Structures are given as C-alpha cells and as structure tokens.
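Numbered continuously in the working numbering, the sequence shown closes out at residue 244. Note that CB positions come from ideal geometry on N, CA and C, so glycine has one too. Bear in mind the structure is a predicted one, so any value in this text is a computation, not a measurement. The structure appears right after this line, and notes come after that.
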Amino acid sequence: MFQTSVANYLNKHHYKRIELKAALFDMDGVLFDSMKGHAIAWHESMKQYGMHLEPSEAYEHEGRTGATTINLISMRERGREATEEEIKAIYKKKCDIFNSLGAAPRMPGALEILTKIKSAGITPVIVTGSGQTSLLDKLNNNFPGIFDPNLMVTAFDVKFGKPNPEPYLIGLKKANVQPYEAIVVENAPLGVRSGVNAGIFTIAVNTGPLPDEALLKEGANLLFHSMEDFNNNWENFYTAIRD
Ligand code: MG
2 MFQTSVANYL
12 NKHHYKRIEL
22 KAALFDMDGV
32 LFDSMKGHAI
42 AWHESMKQYG
52 MHLEPSEAYE
62 HEGRTGATTI
72 NLISMRERGR
82 EATEEEIKAI
92 YKKKCDIFNS
102 LGAAPRMPGA
112 LEILTKIKSA
122 GITPVIVTGS
132 GQTSLLDKLN
142 NNFPGIFDPN
152 LMVTAFDVKF
162 GKPNPEPYLI
172 GLKKANVQPY
182 EAIVVENAPL
192 GVRSGVNAGI
202 FTIAVNTGPL
212 PDEALLKEGA
222 NLLFHSMEDF
232 NNNWENFYTA
242 IRD
C-alpha cells in the first residue's frame, strides 16, 4: 500500500526516489490536540464582533492565517473586508479565548514519531499558520530538543499562507532541501493542498471531524486516522520509500 502511494508520487513528478532529509509538520491538529479549542475560540470571537462562524466551519478554514479567515468571514457576514484594526482586535480576542481554555494536550503519538524521525537523522520542521507568540515555548515544553527555532515557518514568515504552497516552499528553503527530500504531515484540507502544490509527498492525518474524502480530494498521498496510527506504521513507510 505504501509502495503504491510512493510510486504514484514519483511518477507524477518524474522523481527517481524520495531521499528523506526533512519532515515538515503542521502544528495544530497534528502535534497538539488543539483544534476543538480553536473552533470554539473562532466561534466566540466572531460572535463578539457580530459575525457568525459555526465551530465546525473552523475546520474548513484551518491552515489559513488569522487575517485571511477574518476577512473571508467579514466579506460573507458584512459584505466588506475587515480593517487592519479589526483584524488585530478579533485575532487578539480569538487568541485570548483560546488561551483561556487551558493548554492543549500533546497529540498522542506525536512525540513518539518525532523521536523516531529525529533519530533517523531526518530534520523536523514546523510549518504552521499560527501566529501565537508563545509557540516556541509550547513546542520546547512538549517536544524538548526536537525542533530548531530557526527551522520554523509561522504566520510571521508568510505573505499568503496555506492553501498557497508558499509556507511549505519556505519550509523547504529553511531546511535547505528539495521537494523530493521531504514529507509533509498535515491534518487540514487546505494544508494538504499547500503541501501537494509545493510538490512534496503529503501525509494526511485525519484527527478531526471532516470526512477522509476532504483530505484525499486535495491530493493527500497517504492518510492515517491518528498520529498513533502514523507512528505505528512509520517503519513500514520508511522502508517503502527506501526500497
Ligand atoms: Mg493543522
């Protein structure tokens, strides 16, 4: 099953093989079980500004920068984009509500697979649409010694954000690798689209309420139902790409 997925990817891009040097990880819904909190925070913050966003809709926008999400909802609900001031205020409110819910737990299986990847000599890189200032501390506390602070792409690095391939292309550049030397690990449809369009083998981990099809139709090369599932299959996958 993994061999077929890898062969399809190689054929599509006319690559000979995946020479894995870097693993590009999305953060929310992949490394942290944080999406429920984000969905509540989006719903509540928008409500306070007179706009409606169902908590479930937050999963469809996941991966976008905060500013893009706010503008999209503002266009729909008010027929105009949000001002710079509104964007700052709403995003701050959203972060305050998210933080008030308490720290999101580490995703089960995430530390285990990161430890395996790191000890195989593969460089883990963070590629997130998040712009939380406490992000680095949070990563260091939950994944000590795993991530290099210079190898992170956040909302502060990007102009477009996911689903544009830009964030993953910046991730490749920071890690100094080619698309065929990396994998992407994503839980969100728009994140999968970003990774696929960056030309990288993209692994979807469906940790949320959306159907698998939402991730597969964006071109995910493989799909697991949890990070534990991915962790349990890591050895088989790593063997398949080296065959
Ligand atoms: Mg995510």
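From the options, residue whose alpha carbon lies closest to that of residue i
| i | options | result |
| --- | --- | --- |
| V193 | Y169, K95, L136, Q179 | Y169 |
| M1 | D244, G209, H15 | One cannot answer for residue 1 here, as it falls past the ends of the chain, which runs 2 to 244. |
| S57 | E45, G51, A68, K94 | E45 |
| I114 | E20, N233, G103 | N233 |
| T134 | P150, W235, K174 | P150 |
| V9 | D230, Q49, A221, F157 | A quick correction: the sequence has Asn, not Val, at residue 9. Considering only alpha carbons, the answer is A221. |
| R79 | L32, L54, D97 | L54 |
Alpha-carbon spacing of residue i relative to residue j, whole angstroms
| i | j | result |
| --- | --- | --- |
| R65 | P164 | 7 angstroms |
| G196 | G30 | 16 angstroms |
| H15 | L137 | 37 angstroms |
| A68 | I201 | 26 angstroms |
| E182 | G122 | 13 angstroms |
| L21 | R243 | 9 angstroms |
Where the alpha helix (DSSP H) through residue i begins and ends
| i | result |
| --- | --- |
| T240 | 228 to 243 |
| I98 | 85 to 101 |
Chain-order list of residues whose beta-carbon lies under 6 angstroms from that of residue i (same chain, five-residue window excluded)
| i | result |
| --- | --- |
| T124 | A23, A176 |
Residues near residue i by beta carbon distance below 8 angstroms, same chain, minus five either side
| i | result |
| --- | --- |
| N72 | E82, A83, I88 |
| Y60 | M36, A40, A189, G209, P210, L211 |
Same chain, Cβ closer than 7 angstroms to residue i, neighbours up to 5 away in sequence not counted
| i | result |
| --- | --- |
| L216 | P190, V193, A205, N207, L224 |
| I118 | A24, P125 |
Range of the contiguous beta strand (DSSP E) that encloses residue i
| i | result |
| --- | --- |
| I19 | No beta strand (DSSP E) contains I19, which DSSP labels as neither H nor E. |
| A42 | Counting along the chain, A42 falls outside any beta strand (DSSP E), though it belongs to the alpha helix (DSSP H) covering 36 to 49. |
| T134 | T134 -> no beta strand (DSSP E), and no H or E assigned at all. |
| T203 | 202 to 206 |
| T124 | 124 to 128 |
Heavy atom of ligand 2 within 7 angstroms of residue i beta-carbon
| i | result |
| --- | --- |
| D27 | Among the ligands modelled here, namely ligand 1, ligand 2 does not occur. |
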